[in-house]
Each structure stands twice: as C-alpha cells, then as structure tokens.
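In what follows, a structure is listed as structure tokens, so that the remarks can point back to it.
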Amino acid sequence: MTFGFIVLRHVNSELTNHYWNECVQCIRRLYPLKKIVVIDDNSKKEFVKAYYEYQNIEYIQSEFPQRGELLPYYYFHKHRFFENAIILHDSVFIHKRINFDLFKGVPVLPLWHFRNSRDENYDRLIQISKYLNYSNKFQEEFKNVKENKYLNMSIIDGMNKWNGCFGVQTYINYGFLDYIQKKYNIFNMLKVVRCRKDRCCLERILGLIISMENSRLKNMPSLFGDIIKYTNGEYRWGYTFHNYKKKLENERKIMVPYVKVWSGR
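Reading the sequence shown from the start, the letters are residues 57 to 321 in the working numbering.
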C-alpha cells in the first residue's frame with residue numbers, strides 16, 4: 057500500500073513561512089522516504105522560502121486562489137500521486153510516527169472532528185450545497201441542524217447525525233475520493249468557495265459526505281478525536297507558533313502526535 061502527504065500552504069508573512077517549513081521537516085524526520093506534495097494557495101511570493109533543499113517533494117501552484125481546503129483533494133484526484141493521502145494544513149506538525157500501512161481498507165478518516173454550532177453559516181451552507189449532486193439531501197440535513205433536531209450532530213448517537221471534519225484534514229483513499237467526486241461532484245464547489253467562511257462550510261459539507269459514505273465513523277469519528285478537547289486543552293484553540301517553539305526549546309519534546317497552531321489566515 058502506498059501513501060504520501062499533501063500539505064496545503066498559504067504564506068503571507070515571514071512568520072507563516074516558518075509553518076510549511078516546520079511541517080515538511082517534521083514529516084521528513086518521521087517518514088524520510090515518503091513523497092510530500094505542497095499545494096500553494098495564493099501565497100505572497102516574496103515571503104516564500106524553503107529553508108533546506110527538501111527531497112522527494114513536489115510543489116503545485118494552484119490556479120484556483122482562495123479555494124483553500126478543497127485544493128488538496130482536487131489535485132490528488134487529478135494527479136493520483138499515491139493510493140492514499142494524509143492531507144494536512146501547513147500549520148500542523150507531526151511528532152509521532154503513525155504507521156499508515158496499517159490503514160489498509162480504510163476509505164477515509166478525519167484527523168480531527170468537531171461538533172457543530174447549529175446556527176453557524178447556515179445560509180452559506182445552503183448556497184454552497186446547491187452546487188452538489190443530491191443538494192436536497194444536504195439542505196435537509198443542514199435544516200435539521202438549524203432547527204436543533206440534532207442537538208450535537210454526533211454520528212455516534214445515530215446514523216443520521218454527523219460531525220464536522222476539522223480543517224477538512226483526513227487520511228483518504230484515492231478510490232473513495234473518486235467515488236464521492238462521481239456521486240456528489242464535490243469539485244463543482246471550486247466555482248463558489250472564495251473566502252474563509254466558505255472554507256468553514258467545507259468542513260461541514262465534507263464532514264457530512266464522509267459520514268454518510270463511511271459507516272465506520274459511527275464508532276470512530278476521527279483519528280485524534282474532538283479538536284476542542286484535544287489533549288485536554290494543553291494545545292487549546294489559539295495555540296500559536298510562538299507557544300509551540302517555546303515549548304520545544306524548554307522541553308525538547310512534544311508529547312502529542314500532531315500539533316496544530318493557529319493564525320487565522
């Protein structure tokens with residue numbers, strides 16, 4: 057079984073240029089032979105600089121600016137770099153090797169999930185979901201959430217309930233991606249996703265799709281659990297790159313498998 061990593065990059069400052077370099081270096085330390093694909097989404101070129109001459113890495117400049125989290129899936133589907141992909145933000149740093157070879161037969165698994173706020177982005181969710189096949193199904197689900205029929209949207213409690221996919225970051229098999237593209241036409245959303253709020257809608261739309269299409273998520277919604285509860289708050293929402301580097305300097309070791317830092321780009 058082959059797998060590799062796809063990193064979504066957006067650099068808009070010297071600080072954010074550190075992110076993708078740190079992300080790539082962490083992957084390379086733990087997976088020295090695995091291919092890495094960096095998808096650049098509308099970075100400011102004057103700030104983009106590789107700190108080393110990285111090996112076995114491919115860079116793709118997206119022709120769809122500001123489409124964010126949809127882009128790794130689009131280019132994975134277009135180029136089929138490998139059979140299975142781990143899709144990450146550039147602001148996620150890996151500190152524990154997970155043997156993804158053991159994931160054979162797993163079609164998709166979010167890295168983290170979250171429970172939804174019932175009123176968040178409802179109107180925009182409806183607008184974007186109109187670009188999908190079976191749009192009535194999506195609109196029905198989002199209406200049920202808004203009307204509080206699903207109190208916490210947890211798939212654990214029933215087949216019609218689901219979770220958001222945090223950052224649309226997943227382990228995903230190419231065959232599964234091809235299947236949901238053919239069924240739902242997910243890349244049609246490239247026509248409409250334009251800003252941060254739209255990309256937040258993607259977390260919910262893709263979360264709903266993979267929940268409907270992978271019944272295994274009923275028992276295990278994600279690899280690392282609810283992002284809000286991740287590591288009991290040590291790496292809480294708002295944890296910065298400065299916090300991360302300071303912890304590394306003071307303790308020399310990160311105890312969680314994956315670290316997410318926040319910058320609100």
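Just so it is clear, CB atoms sit at the ideal spot from N, CA and C, and this is done for glycine as well.
| query | Quick one: Cα of residue 100 to Cα of residue 117, how far? | reply | 12 Å
| request: Tell me residue 104's beta-bridge partners as DSSP assigns them. | output: For residue 104, which the question treats as bridged, DSSP gives no partner whatsoever.
| Proximity of residue 78 and residue 103 at Cβ, strictly below 8 Å | no
| Hey, quick one: how far does the beta strand (DSSP E) through residue 59 stretch, first residue to last? | 59-65
| Expressed to the nearest angstrom, what Euclidean distance is found between the alpha-carbon atoms of residue 212 and residue 218? | Residue placement at residue 212 cannot be trusted, given a pLDDT of 41 that sits under 50; what the coordinates show is reported in the next sentence. Roughly 8 Å separates the two Cα atoms.
| Three-way DSSP call (helix, strand, coil) for residue 226 in this model | strand
| query | According to the Cβ coordinates, are residue 165 and residue 240 closer than 8 Å? | reply | no
| said: Is it buried or exposed, residue 223, if we count other Cβ atoms within 10 angstroms and call 16 or more buried? | reply: buried
| residue 137 versus residue 150 - alpha carbon distance | 21 Å
| said: DSSP three-state label for residue 201, please. | reply: helix
| field | Per DSSP, the bridge partner or partners of residue 233 | value | Per DSSP, none; premise fails for residue 233.
| the stretch 77-91 / the stretch 120-133 touching (three or more Cβ pairs under 8 Å) | no
| query | What number of angstroms, rounded off, separates the C-alpha of residue 256 from the C-alpha of residue 154? | reply | 27 Å
| query | Since residue 114 is in the beta strand (DSSP E), which residue starts that stretch and which ends it? | reply | 113-117
| For the 8 Å Cβ check, are there 3 or more pairs between the stretch 263-274 and the stretch 292-304? | no
| request: Measure how close the beta-carbons of residue 185 and residue 236 come, nearest whole angstrom, since I'm counting them as under 8 Å. | output: Actually they are not in contact, since the Cβ atoms of residue 185 and residue 236 sit about 14 Å apart, beyond 8 Å.
| Do residue 148 and the ligand ADP come close, with the Cβ less than 7 Å from some heavy atom? | In terms of ligand content, the structure shown is empty, and the ligand ADP therefore cannot be addressed.
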